[in-house]
């Protein structure tokens, strides 16, 4: 979101090596994935959902509403704020395959 003018700020809780349930919209990267699914996080910053640029939409979020995914409404650009490559993110390979298929 920052590259398009959004605000990035402290996430409130440092999430280095911590697991969260990720809820999602079921489209593109998230097609066919369980909803929610567990994913590992390694960050202390997050995109502010109430300051998201109009050309972006939220695609994934945590139980407490922290943005975990955004998508450009017109271009094939997506971003996520968790680690699909981690062995702790059980659906990671499926998510990465969705990325390759998109």
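Residue numbers (this note's numbering): 33 to 134.
Glycine is no exception: its CB is placed at the ideal position from the N, C-alpha and C atoms.
All of these numbers come straight from a predicted model, not from anything done at the bench.
Looking at the structure shown, is residue i part of a helix, part of a strand, or coil, going by DSSP?
| i | result |
| --- | --- |
| residue 33 | coil |
| residue 114 | coil |
| residue 169 | For residue 169 there is no data in the structure shown, the boundaries of the chain being 33 and 134. |
| residue 65 | coil |
| residue 103 | strand |
Expressed to the nearest angstrom, what Euclidean distance is found between the alpha-carbon atoms of residue i and residue j?
| i | j | result |
| --- | --- | --- |
| residue 75 | residue 127 | 19 angstroms |
| residue 80 | residue 129 | 28 angstroms |
| residue 8 | residue 83 | Residue numbering for the chain in the displayed model covers 33 to 134; residue 8 lies beyond these limits and cannot be assessed. |
| residue 111 | residue 66 | 19 angstroms |
Taking all protein chains shown into account, decide if residue i is buried (16 or more other Cβ within 10 angstroms of its Cβ) or exposed.
| i | result |
| --- | --- |
| residue 102 | buried |
| residue 52 | buried |
| residue 61 | buried |
| residue 119 | exposed |
| residue 58 | exposed |
Using a Cβ-Cβ distance cut-off of 8 angstroms, determine whether residue i contacts chain C.
| i | result |
| --- | --- |
| residue 43 | The chain inventory of the structure shown lacks chain C, comprising one protein chain alone. |
CB residue i to CB residue j, shorter than 8 angstroms?
| i | j | result |
| --- | --- | --- |
| residue 92 | residue 40 | no |
| residue 114 | residue 46 | no |
| residue 122 | residue 70 | yes |
| residue 68 | residue 37 | no |
| residue 134 | residue 108 | yes |
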